[in-house]
Amino acid sequence: MRLTRYFLPVLKENPAEAQIVSHRYMLRAGMIKQQAAGIYSWLPLGYKVLKRIEQIVHEEQVRAGHIPLLMPTLQPADLWRESGRYDDYGQEMLRIKDRQGRDMLYGPTNEEMITDIFRSHVNSYKDLPLTLYHIQWKFRDEMRPRFGVMRGREFLMKDGYNFDLTVEDALHAYNRHLVSYLRTYERMGLQAIPMRADSGPIGGEDTHEFLVLAETGESEVFYDSAVTDISLGARDIDYDDKVQCKAVMEEFTSLYARTDETHDEAAFNAIPEERRKSARGIEVGQIFFFGTKYSEAMGATVVTPDGSKVPVQMGSHGIGVSRLLGAIIEASHDDKGIIWPEGVTPFHCGIVNLKQGDDETDAACESIYKALQKAGLDPLYDDRNDRAGAKFATMDLIGLPWRITVGPRGLKNGVVELTSRRTGESEEMTADAAVARIIAIYNGL
Ligand code: P5A
Numbered sequence: 002m003r004l005t006r007y008f009l010p011v012l013k014e015n016p017a018e019a020q021i022v023s024h025r026y027m028l029r030a031g032m033i034k035q036q037a038a039g040i041y042s043w044l045p046l047g048y049k050v051l052k053r054i055e056q057i058v059h060e061e062q063v064r065a066g067h068i069p070l071l072m073p074t075l076q077p078a079d080l081w082r083e084s085g086r087y088d089d090y091g092q093e094m095l096r097i098k099d100r101q102g103r104d105m106l107y108g109p110t111n112e113e114m115i116t117d118i119f120r121s122h123v124n125s126y127k128d129l130p131l132t133l134y135h136i137q138w139k140f141r142d143e144m145r146p147r148f149g150v151m152r153g154r155e156f157l158m159k160d161g162y163n164f165d166l167t168v169e170d171a172l173h174a175y176n177r178h179l180v181s182y183l184r185t186y187e188r189m190g191l192q193a194i195p196m197r198a199d200s201g202p203i204g205g206e207d208t209h210e211f212l213v214l215a216e217t218g219e220s221e222v223f224y225d226s227a228v229t230d231i232s233l234g235a236r237d238i239d240y241d242d243k244v245q246c247k248a249v250m251e252e253f254t255s256l257y258a259r260t261d262e263t264h265d266e267a268a269f270n271a272i273p274e275e276r277r278k279s280a281r282g283i284e285v286g287q288i289f290f291f292g293t294k295y296s297e298a299m300g301a302t303v304v305t306p307d308g309s310k311v312p313v314q315m316g317s318h319g320i321g322v323s324r325l326l327g328a329i330i331e332a333s334h335d336d337k338g339i340i341w342p343e344g345v346t347p348f349h350c351g352i353v354n355l356k357q358g359d360d361e362t363d364a365a366c367e368s369i370y371k372a373l374q375k376a377g378l379d380p381l382y383d384d385r386n387d388r389a390g391a392k393f394a395t396m397d398l399i400g401l402p403w404r405i406t407v408g409p410r411g412l413k414n415g416v417v418e419l420t421s422r423r424t425g426e427s428e429e430m431t432a433d434a435a436v437a438r439i440i441a442i443y444n445g446l
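Here the sequence shown is numbered in the working numbering, starting from 2 and rising by one per residue.
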């Protein structure tokens with residue numbers, strides 16, 4: 002993309018309404034625009050990152066054997082009357098009447114609707130196990146929408162639902178989700194720690210929230226610092242292997258890590274003092290096992306091998322897709338702007354032309370731009386007729402991990418400059434070498 006043809010409405014001033022850094026940078030970098038409290042338009046740069054995050058979530062869901070579908074945002078109230086949650090959900094639910102006077106709602110989650118789909122089409126154990134998921138907008142009329150996309154009213158969620166014959170199979174689905182979530186967040190450059198939590202209006206006893214540690218997080222958390230030393234890394238996971246998934250789940254959840262809702266002072270105090278940490282965290286996902294809570298209420302049964310009929314065992318699993326943009330920025334920025342991890346960056350590399358209109362410099366930029374595109378990458382070429390300082394400030398603010406700077410002085414010596422946004426380090430090399438380096442970085446992901 003050429004910057005002169007793009008829509009990147011950056012703001013020079015710090016917006017007064019933004020209290021935390023991610024919200025401030027998302028507004029300043031022209032990623033989002035608020036349309037009403039907790040409701041945002043996603044401007045091109047923000048939309049690009051949202052799509053990259055969605056893509057990682059999709060890939061990891063499919064890798065774990067889960068099947069995508071799409072349910073609507075609007076739901077009939079009657080389904081929620083069947084489960085009993087129509088009244089329970091209270092003021093967080095946006096209730097709407099259609100022209101026939103029928104009660105509708107904008108879905109805050111989809112346990113009822115997916116159970117309805119299941120009961121309409123599945124009735125034998127032979128069709129199990131089954132995990133269906135979608136990535137769809139939700140609405141929760143939060144009392145205090147704040148911090149931009151972090152606590153929105155309209156927000157994008159990946160929500161998945163597993164259906165299993167036995168409790169043991171459903172617990173495998175739980176473990177499988179836990180492992181696949183670890184991999185999902187790591188691909189985004191995030192450490193998200195599973196912590197014992199409270200299940201709230203979704204229900205069930207078993208639940209873990211995934212928390213990214215950040216001072217601006219809304220949750221209070223308590224943990225053994227040893228938990229921050231573990232990562233999934235490049236391990237080979239077989240998602241059908243119950244023993245392996247359980248072992249990984251236990252590895253990540255055996256150390257003390259809880260939100261304030263389930264905090265146990267005595268257990269916490271049993272950790273060696275130097276490892277006892279209390280901090281704040283951003284909840285970027287949550288997984289639940291609730292057994293037959295919905296299937297019993299809504300009549301979702303399956304015939305077992307011995308011919309009897311039992312309610313299907315279920316769980317649900319959510320990732321805060323739009324919230325993740327905020328969480329990633331909170332975890333990765335400096336005082337000049339955002340620092341995108343390579344896995345989610347809106348453009349792979351920035352190209353800064355230090356002397357727009359100079360034939361040789363323009364030609365060198367064009368050739369780098371085309372070479373990167375030919376390799377399947379998406380560069381952003383700052384071809385504006387502007388000062389170098391202004392171009393650098395824009396690149397730093399929008400946070401592309403790599404920048405190639407091209408100017409007449411370097412070209413005289415046959416070199417351009419390759420700069421890492423994270424370390425600030427620059428290296429001179431030929432244009433070809435810079436292109437090759439960028440290609441190698443993204444091939445290695
Ligand atoms: C699991 C999937 C559920 O709703 N039902 C379907 C279960 N879980 S949850 O924990 O309530 O939400 C899942 C994730 O969605 C994000 N989230 C939000 N993001 C932005 N703004 C909000 N107001 C908001 N509310 C929830 C969180 O990341 C949460 O973990």
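Glycine residues also receive a C-beta, built at the ideal position from the N, C-alpha and C atoms.
Self-check item: Endpoints, alpha helix (DSSP H) assigned at W81
Solution: Indexing the sequence shown from 1 puts residue 81 at position 80. Note, W81: alpha helix (DSSP H), A78 to S84.
*asked:* R422 and G400 - do their beta-carbons sit closer together than 8 Å?
replied: In the sequence shown, the residue the question calls residue 400 occupies position 399. In the sequence shown, the residue the question calls residue 422 occupies position 421. Contact flag set, yes.
Inset, instruction - Please specify which runs of the alpha helix (DSSP H), each continuous and at least 4 residues long, are wholly inside the region 36-95, giving them in chain order. - result: 45-64, 78-84 and 86-89
**Request:** Thinking L129 and V303 are a contact (beta carbons under 8 Å), I'd like their distance in whole angstroms, please.
**Result:** Numbered from 1 along the sequence shown, position 128 holds the residue referred to as residue 129. Numbered from 1 along the sequence shown, position 302 holds the residue referred to as residue 303. With a Cβ gap of about 7 Å, L129 and V303 count as contacting.
- Message: From the DSSP secondary-structure annotation, give me the bridge partner or partners of G282.
- Response: For the purposes of this step, residue 282 is taken as residue 281 along the sequence shown, with counting starting at 1. DSSP lists L214 and S220 as partners of G282.
Expressed to the nearest angstrom, what Euclidean distance is found between the alpha-carbon atoms of R259 and G300? As a first step, residue 259 must be located in the sequence shown, where it is residue number 258. As a first step, residue 300 must be located in the sequence shown, where it is residue number 299. Near 34 Å, if we compare the C-alpha coordinates of G300 and R259.
Cβ pair L131, L51 closer than 8 Å: Numbered from 1 along the sequence shown, position 130 holds the residue referred to as residue 131. Numbered from 1 along the sequence shown, position 50 holds the residue referred to as residue 51. In this structure, L51 does not lie closer than 8 Å to L131 by Cβ.
Where L237 falls: helix, strand or coil (DSSP)
The count along the sequence shown starts at 1 and reaches residue 237 at position 236. Correcting the residue identity first, residue 237 is Asp in this sequence and not Leu. D237: coil per DSSP, three-state reduction.
Which same chain residues end up closer than 6 Å to A372 when comparing Cβ atoms and leaving out the 5 residues on each side of it in sequence? As a first step, residue 372 must be located in the sequence shown, where it is residue number 371. Cβ neighbours of A372 beyond the five flanking positions: V436.
_Spatial neighbours of K294 within its chain, please: C-beta separation below 6 Å, excluding the five flanking residues on both sides._
Start at 1 with the first residue of the sequence shown, and residue 294 comes out as number 293. Only G204 meet the Cβ criterion.
Return yes when the C-beta of N176 is under 7 Å from any heavy atom of the ligand P5A, and no when it is not. Within the sequence shown, numbered from 1, the residue matching residue 176 stands at position 175. Not so, every heavy atom of the ligand P5A lies at least 7 Å from the Cβ.
key: For S323, three-class secondary structure by DSSP   = Residue numbering aside, residue 323 sits at position 322 when the sequence shown is read from its first letter. Helix at S323.
Enumerate in chain order the residues of its own chain whose CB-to-CB distance from K356 is below 7 Å, with the five nearest sequence positions on each side excluded. Residue 356 sits at position 355 when you count from the first residue of the sequence shown. Only residues of its own chain outside the window of five on either side were considered, and among them T362, G408 and P409 have a CB closer than 7 Å to the CB of K356, listed in chain order.
Q) Excluding the five sequence neighbours on either side, which residues of its own chain have a C-beta within less than 8 Å of the C-beta of D99, listed in chain order? A) Within the sequence shown, residue 99 is the residue found at index 98, counting from 1. So the list reads M105, once near-sequence residues are dropped.
| request: Could you spell out where the beta strand (DSSP E) holding S309 opens and where it closes? | output: Taking the first residue of the sequence shown as 1, we reach residue 309 at position 308. No beta strand (DSSP E) contains S309, which DSSP labels as neither H nor E.
Review point. Which whole-angstrom value is the C-beta distance of A332 and V213, which I expect to be below 8 Å?
Key: Counted from its first residue, the sequence shown places residue 332 at position 331. Counted from its first residue, the sequence shown places residue 213 at position 212. Their Cβ separation, rounded to whole angstroms, is 6 Å, which keeps A332 and V213 in contact under 8 Å.
Rounded to whole angstroms, what's the CA-CA distance from A215 to D237? Just pull it up for me.
In the sequence shown, the residue the question calls residue 215 occupies position 214. In the sequence shown, the residue the question calls residue 237 occupies position 236. The straight-line gap from Cα to Cα measures roughly 29 Å.
Point to revise | Whole-angstrom C-beta distance between G39 and R154, which should lie under 8 Å | key: In the sequence shown, the residue the question calls residue 154 occupies position 153. In the sequence shown, the residue the question calls residue 39 occupies position 38. With a beta-carbon spacing of about 3 Å, R154 and G39 fall inside the 8 Å limit used to define contacts.
- Can the beta-carbon of F269 be found closer than 8 Å to that of R281? Here the question's residue 269 lines up with position 268 in the sequence shown. Here the question's residue 281 lines up with position 280 in the sequence shown. No, Cβ-Cβ distance for F269 and R281 is not below 8 Å.
Any chance the region 306-313 sits against the region 243-260, with 3 or more Cβ pairs inside 8 Å? no
Distance between beta carbons of L71 and D383, contact taken as under 8 Å:
On the sequence shown, residue 383 is found 382 positions in, with the first residue counted as 1. On the sequence shown, residue 71 is found 70 positions in, with the first residue counted as 1. Not quite, the Cβ-Cβ distance comes to about 37 Å (not below 8 Å), so this is no contact.
key: Per-residue DSSP class, three states only, for D1   = Residue 1 is absent from the model: the chain starts at 2 and stops at 446.
Excluding the 5 residues flanking M27 on each side, which residues of the same chain have their C-beta closer than 6 Å to its C-beta? Working through the sequence shown from its first residue, we reach residue 27 at position 26. Once the five neighbours on either side are set aside, the close Cβ partners of M27 are I33 and G149.
Cβ pair T167, F289 closer than 8 Å: Indexing the sequence shown from 1 puts residue 167 at position 166. Indexing the sequence shown from 1 puts residue 289 at position 288. Taking 8 Å as the cut-off, the Cβ atoms of T167 and F289 do not count as close.
Could you tell me which residues DSSP puts in a beta bridge with I97?
The residue labelled residue 97 in the question sits at position 96 within the sequence shown. BP columns for I97 point to M105.
What does DSSP give as the partner residue(s) for P162 in the beta ladder?
As a working mapping, residue 162 is identified with position 161 in the sequence shown. What sits at residue 162 in the sequence shown is Tyr, not Pro. In the DSSP secondary-structure assignment, Y162 is bridged to L133 and S317.
Excluding the 5 residues preceding and the 5 following M396 in the sequence, name in chain order all residues of the same chain whose CB lies nearer than 6 Å to its CB.
For the purposes of this step, residue 396 is taken as residue 395 along the sequence shown, with counting starting at 1. Contacts found: G351 and R404.
Short Cβ contact (8 Å threshold) for Y240 with A65 = Position 239 of the sequence shown, counted from the start, is the residue given in the question as residue 240. Position 64 of the sequence shown, counted from the start, is the residue given in the question as residue 65. Cβ distance < 8 Å, so Y240 and A65 count as in contact.
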